[in-house]
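Heads up, the thing below is written out as structure tokens.
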Amino acid sequence: MVTKAALLDTIAGTNRGLLATETQKQAILAAIASLEDFNPNPRPLEASYLLEGDWRLLYTTSKALLNLDRFPFCKLGQIYQSIRVATTSVYNIAEIYGLPSLEGLVSVAAEFEPVSERRVQVKFKRSIIGLQKLMDYNSPDIFIQQIESGQKFTALDFPIKSDQQGWLDITYIDNNLRIGRGNEGSVFVLSKV
Numbered sequence: 006m007v008t009k010a011a012l013l014d015t016i017a018g019t020n021r022g023l024l025a026t027e028t029q030k031q032a033i034l035a036a037i038a039s040l041e042d043f044n045p046n047p048r049p050l051e052a053s054y055l056l057e058g059d060w061r062l063l064y065t066t067s068k069a070l071l072n073l074d075r076f077p078f079c080k081l082g083q084i085y086q087s088i089r090v091a092t093t094s095v096y097n098i099a100e101i102y103g104l105p106s107l108e109g110l111v112s113v114a115a116e117f118e119p120v121s122e123r124r125v126q127v128k129f130k131r132s133i134i135g136l137q138k139l140m141d142y143n144s145p146d147i148f149i150q151q152i153e154s155g156q157k158f159t160a161l162d163f164p165i166k167s168d169q170q171g172w173l174d175i176t177y178i179d180n181n182l183r184i185g186r187g188n189e190g191s192v193f194v195l196s197k198v
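Just so we're aligned, residue 6 is where the sequence shown starts under this note's numbering, counting upward by one.
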């Protein structure tokens, strides 16, 4: 059995997957699969108190996220996913760093609906892309409060067509680690903030 510590050691130094070699990717996927076999909460949506909160991305195979690092003069900063169970809301926030005063932010707000004991259907609702300075961005929590209050930002801030959706299986969750597998074959490993 692979432990959480062993998985985290395998992930260390890969910069969320950006720097992972093929050998490392295979080792990480094997460690993830092994840990999933021992999920302490096999029906994660029944333990929604574990799902609630702010999560930081540790590793992913998602090309959509990893490609955010490919913009000229920009580097991908922290990526957060904040889940609000009471309102079935999820917020993805990627911080982008580069030239001074040109730090960016890419965010997507969505709603989720449980469709099985471990799968949620996700419907994307709003996208916000802009400069952190112009949006007065300080932290994910404050930013989410601003979104929930209906604030419009000095940014590309637009609704997403309601037909854009996907799903996510929560394959492992405990008090501080969550693993998910998405409809595009991507894997996500996150830690509670």
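A virtual CB, placed ideally from N, CA and C, is assigned to each residue, including glycine. Please read these numbers as outputs of a predicted model, since none were measured by experiment.
CB of residue i within 8 Å of CB of residue j, strictly
i       : j       : result
Val-95  : Trp-172 : no
Glu-100 : Leu-110 : yes
Leu-40  : Tyr-177 : yes
Thr-15  : Ala-36  : yes
Val-192 : Arg-186 : yes
Val-90  : Leu-56  : yes
Ile-133 : Ser-112 : yes
Gly-135 : Ala-160 : yes
Thr-28  : Tyr-64  : no
Lys-9   : Leu-182 : yes
Ile-152 : Ala-114 : yes
Arg-131 : Ile-184 : no
Rounded distance between the beta-carbons of residue j and residue i, thought under 8 Å
i       : j       : result
Lys-138 : Tyr-102 : 12 Å between Cβ atoms; not a contact.
Arg-21  : Ile-84  : 7 Å
Val-127 : Gln-170 : 6 Å
Phe-78  : Leu-104 : 6 Å
Phe-2   : Met-140 : Not covered by the structure: residue 2. The range shown for the chain is 6 to 198.
Gly-82  : Lys-197 : Wrong, their Cβ atoms sit about 19 Å apart, outside the cutoff.
Any C-beta of chain C under 8 Å from that of residue i
i      : result
Lys-80 : The structure shown contains no chain C, having only a single protein chain.
Paired residues, beta bridge with residue i - DSSP
i       : result
Arg-131 : Ala-114 and Pro-164
Arg-61  : Tyr-85 and Ser-196
Gly-109 : Ile-101 and Leu-136
Gly-171 : Val-127
Lys-80  : Tyr-102
Ile-178 : Arg-183
Arg-199 : For residue 199 there is no data in the structure shown, the boundaries of the chain being 6 and 198.
Arg-21  : Tyr-64
Val-90  : In DSSP, Val-90 forms no bridge with anything.
Residue burial classification, residue i (beta-carbon count within 10 angstroms, cutoff 16)
i       : result
Gly-155 : exposed
Ser-144 : exposed
Ile-33  : buried
Leu-107 : exposed
Ile-147 : exposed
Leu-12  : buried
Ala-17  : exposed
Thr-92  : exposed
Thr-26  : exposed
Closer than 7 Å: residue i CB and nearest the ligand ADP heavy atom
i      : result
Asn-72 : You won't find the ligand ADP in this model; it holds no ligand whatsoever.
- Any chance the segment 42–55 sits against the segment 64–78, with 3 or more Cβ pairs inside 8 Å? No contact exists between the segment 42–55 and the segment 64–78.
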